[in-house]
Structure formats: C-alpha cells, structure tokens
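A.B. asks: All residue numbers for the sequence shown refer to my numbering, where the first residue is 6 and numbers rise by one.
Glycine is no exception: its CB is placed at the ideal position from the N, C-alpha and C atoms.
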Amino acid sequence: MLKSILVFSCLLVAFSGVHCDDLKVDVISTPEICDQKTKNGDSLTMHYTGTLQADGKKFDSSFDRDQPFTFQLGAGQVIKGWDQGLLNMCVGEKRKLTIPPQLGYGDQGAGNVIPPKATLVFEVELINIGNAPAATNVFKEIDENADKQLSREEVIVYVSEYLKKQMTAVEGQDSDELKNMLQENDKLVEEIFQHEDKDKNGFISHDEFSGPKHDEL
6 MLKSILVFSC LLVAFSGVHC DDLKVDVIST PEICDQKTKN GDSLTMHYTG
56 TLQADGKKFD SSFDRDQPFT FQLGAGQVIK GWDQGLLNMC VGEKRKLTIP
106 PQLGYGDQGA GNVIPPKATL VFEVELINIG NAPAATNVFK EIDENADKQL
156 SREEVIVYVS EYLKKQMTAV EGQDSDELKN MLQENDKLVE EIFQHEDKDK
206 NGFISHDEFS GPKHDEL
C-alpha cells in the first residue's frame, strides 16, 4: 500500500524542503559488475520492504505483491529519503535506508500507515535503470480552470480521484488504508495547504507549489 503513498507524498508533508544529514545509507550487497549507476532523472524499478524503526513493524512490501515499484529519481515522486538515498546505485545492489521524519512524512505521518514523526527503515533492491518519461505536470493537472493557482476545491477533487484510482488498481488486495485516507480527504487537503500555501491567501500558486511541475504554465 505504500506504493500509493510514496507517489502521493509529493502532495503531502514531504514538501517541507528540509535537508537533513541524519539519513543513513547502509550498502548490504553490490554486484561484481556495475556498468551504470543511478542519477537524477533515471526511471528506477525497485523492490522494497518498509518497517518502522520504533517497533520493527512492517507497513508495506513490494515483495508481498510480487510487483516492483517504478518511479523517476529526483523528480519529487517519492519521499526525500528515497530521492537522496538511492543515488549512485547499481542494478542488483541492495541497501538499507534509515530515514528520519524530516525526509519522510514529517510531523503529520501518512494516514494510518505512518505515525507522526516516524523514522522509517527500508531495505531496497534496484532491479532496473531505465529512461524516464517526461515528468507529469501535476500543477497543471490540478488547475482545472487554468487560473495559475490551486483552490481547495480543485485539490479536493484531485486527491479524491487519485485515491479512488489507487483503490481500483489494487484489485481485491487489502485497500483499507486507502479507504481511510479517502475518508480523511479534507484533512489531507488541509495538510497540503498548511505546507504549500506560503502566503496563506487560500490558494497555492505555481511558485508555491512544491510538487512535480514544469517551469512553463
């Protein structure tokens, strides 16, 4: 279930912009031959297992779904701990990432999956490095009336539709966490505005928006 949350984090509390030196990267194993290492802009396909450092509880694993997770490195599609901790990695390499809350889900956590101020531990394995497609302009997708600012109504619609699509995508798997997030839609939107609406005028401008976007409008 974290696959959805990792991608969706670009609209939640991971926008704080805080850089923290507490990220810990332990290399578990490396392949004998490494012809290419990861860099920002690459499309990475990973297997992972995520646990809470506090009690060791597993909150998600791609192995349980037998389906690796693909995303673009350095594009704000995942939490900052991943964007920083997966650089210069070889295909077949395994790492353990210990991610402080500042580079994860911050003081708010994520739904009922990640508690507030949680330090996360991920064991990750890089399966493939590919060419990433052009980054999605999320700002433009949300800005339905093209007025170059995001209203609460526009963000509510986008968040709701996104979560509904993710619930459909799991097809019979346990989607309780996504259902809970959908029920807490208004709370999620308020968290987004707390972090993104810098001038507190009730709208998120293109300059304020920290999610995936293009410079042009």
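(1) For Asp47, list the residues DSSP reports as bridge partners.
(2) What do you reckon, are the CB atoms on Val118 and Asp204 nearer than 9 Å?
(3) If you follow the alpha helix (DSSP H) that Gln199 is part of, which residue opens it and which one closes it?
(4) I want to check one thing, is the minimum distance from the CB of Phe76 to the heavy atoms of the ligand NAP below 8 Å?
(5) Using the three-state DSSP reduction, which class does Lys145 fall into: helix, strand or coil?
(6) Relative to the C-alpha of Gly97, which residue among Gln199, Gly216, Thr35 is closest?
(7) Does the Cβ of Gln77 have 16 or more other Cβ atoms within 10 Å, making it buried, or fewer, making it exposed?
(8) Apply the 10 Å Cβ neighbour rule to Ala151 and answer buried if 16 or more other Cβ atoms are within range, or exposed otherwise.
(9) Consult DSSP for Gly97 and reduce its assignment to one of helix, strand or coil.
(10) In the structure shown, what three-state DSSP assignment does Gln107 receive?
(11) Count the C-beta pairs between the segment 60-75 and the segment 154-168 that are closer than 8 Å, then say yes if the count reaches three, no if not.
(12) Over the uninterrupted beta strand (DSSP E) stretch that includes Phe74, give me the two end residues.
(13) Excluding five sequence neighbours on each side, which residues of the same chain lie with their C-beta closer than 6 Å to the C-beta of Asp88?
(14) Please classify Pro121 as buried or exposed, where buried requires at least 16 neighbouring CB atoms within 10 angstroms.
(15) Let's test the definition: count the other Cβ atoms within 10 Å of the Cβ of Val32 and tell me whether it reaches 16, buried, or not, exposed.
(16) Based on Cα-Cα distance, which residue from Lys44, Arg100, Gly46 lies nearest to Thr54?
(17) Whose C-alpha, out of Thr103, Asp69, Leu108, is nearest the C-alpha of Val126?
(18) What residue from Gly61, Thr50, Pro106 has the CA that sits closest to Leu91's CA?
(19) Using only alpha-carbon positions, find the residue among Gly86, Asn93, Gly116, Cys95 that is nearest to Pro106.
(20) Exposed or buried, Asp47, counting other C-beta atoms within 10 Å across all chains shown (16 or more means buried)?
C.D. replies: Put simply:
(1) Asn136
(2) no
(3) Taken as a continuous stretch (DSSP letters only), the alpha helix (DSSP H) holding Gln199 covers 190-201.
(4) Among the ligands in the structure shown, none appear at all, so the ligand NAP cannot be discussed.
(5) Lys145: helix per DSSP, three-state reduction.
(6) Thr35
(7) buried
(8) Classification of Ala151: exposed, given that the 10 Å Cβ count is below 16.
(9) coil
(10) helix
(11) no
(12) 74-77
(13) These residues qualify, in order along the chain: Gly79.
(14) exposed
(15) exposed
(16) Arg100
(17) Considering only alpha carbons, the answer is Thr103.
(18) The candidate whose alpha carbon is nearest that of Leu91 is Thr50.
(19) Minimum Cα distance to Pro106 is reached at Gly86.
(20) In this structure Asp47 is buried. Its beta-carbon is surrounded by 16 or more other beta-carbon atoms within 10 angstroms.
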